[in-house]
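K.L.:
Here you go, one structure.
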Amino acid sequence: MSDIPEHVTRMNELSEAGRHDELLALLRQSFDEVEQAVAPERTDLFFTMFRWSMLAEEFAPARKALEDVRDDQTARLLAGDLYVGRDRETSTDEDCYLRIGRFSLVVQMNETLGDAGSTHRLFARLDAEQPGLARRCAWQALPALVEMEDFSLADRYRKDPLELLEEVNRAAMQWPLFSSPPMPRMSAELSNLARDVRIGIAVLRGLGRPAEAESLREALLSGLKSDELREWARRELIEPGAIRQAFVAHQMAEDERASG
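The sequence shown begins at 211 in our numbering and counts up one residue at a time.
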């Protein structure tokens, strides 16, 4: 018996048949159902947003619908409704880690729409009106702040870019970067470290401090204790997403090997 949810199977069928209007209607319905659920988790919305992002690239009404949903999510967030779905009668500390944060969802939608300016405007407003929430959301907003060249705002919220360096070195003593069977831990940790450094470099350069930016780059590369980690960190700084792409390719190769 397949473990794929029925609505996901239907989405795939409609997509393959090119029935865009019906697919969009199903995506809207699926999204609304998640909003009505009690404390839905990120996985509950994954397939819907993945399929919607693909449809928006080729079907203009899907893009417009996504913009409308994004605007609604933004309004709810600013009104203090921080999580997608209905709240539990009693909440726990674990909820904030498992549930879908509205800011995170808005950022994801803006990335699909190629609208870094919307994320920047929203975060700037949170910075002015809800600084506590802004601090919690900053790591998700930083790429958009850099893209929009608001280096001063990004500089106020970015963390120590080398904070994860020793953790990555320790983890590398136990876990290979590309393991068999594939485990994403090391690739994710190195990607996160390189992301923080890449943002730090961009901010320092944007603030007219190129020497500090180069020193940060060298500190990352010299601080990594493995030639493999250094090479992949170097690639990631130049081509964001390189590590993830390599991991996906490795995973696909392992799957083929296992099925063959």
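For every residue, glycine included, the Cβ atom is placed at its ideal position computed from N, Cα and C.
Contact between the region 405 to 420 and the region 378 to 389 is defined here as three or more beta-carbon pairs at a separation below 8 Å; is this criterion met?
P.N.:
Short answer: they don't touch.
K.L.:
Pick out the complete alpha helix (DSSP H) segments inside the region 277 to 364, 4 residues or longer, and give them in chain order.
P.N.:
Correct list: 305 to 308, 312 to 323, 326 to 339, 341 to 357.
K.L.:
Mind checking who Val248 pairs with in its DSSP beta bridge?
P.N.:
Val248 pairs with Arg296.
K.L.:
In chain order, what residues of the same chain have a beta carbon less than 7 Å from the beta carbon of Glu245, not counting five sequence neighbours either side?
P.N.:
Val294, Gly295, listed in sequence order.
K.L.:
Just to confirm the assignment, what range does the alpha helix (DSSP H) spanning Phe256 have?
P.N.:
Where Phe256 is concerned, the enclosing alpha helix (DSSP H) stretches over 253 to 266.
K.L.:
Which residues in the same chain as Gly433 place their Cβ atom closer than 6 Å to its Cβ, once the five residues preceding and following it in sequence are excluded?
P.N.:
For Gly433, where only same-chain residues beyond five positions count, the Cβ hits under 6 Å are Leu375.
K.L.:
Rounded to whole angstroms, how far is the Cβ of Ala272 from the Cβ of His230, which I believe are closer than 8 Å?
P.N.:
With 8 Å as the limit, Ala272 and His230 qualify as a contact, their Cβ atoms being about 7 Å apart.
K.L.:
Between the C-alpha atoms of Thr258 and Pro420, what's the straight-line distance to the nearest angstrom?
P.N.:
C-alpha separation (whole angstroms): 42 Å.
K.L.:
What span of residues does the alpha helix (DSSP H) with Gly410 cover, start to end?
P.N.:
Taken as a continuous stretch (DSSP letters only), the alpha helix (DSSP H) holding Gly410 covers 395 to 416.
K.L.:
Taking the C-alpha atoms as reference points, what is the distance between Ala186 and Ser401?
P.N.:
A query on residue 186 cannot be resolved here, the shown segment of the chain reaching from 211 to 470 and no further.
K.L.:
Considering only the alpha carbon of each residue, which of Met393, Glu424, Ala351 lies closest to Glu464?
P.N.:
Residue Met393 is the option with its Cα nearest to Glu464.
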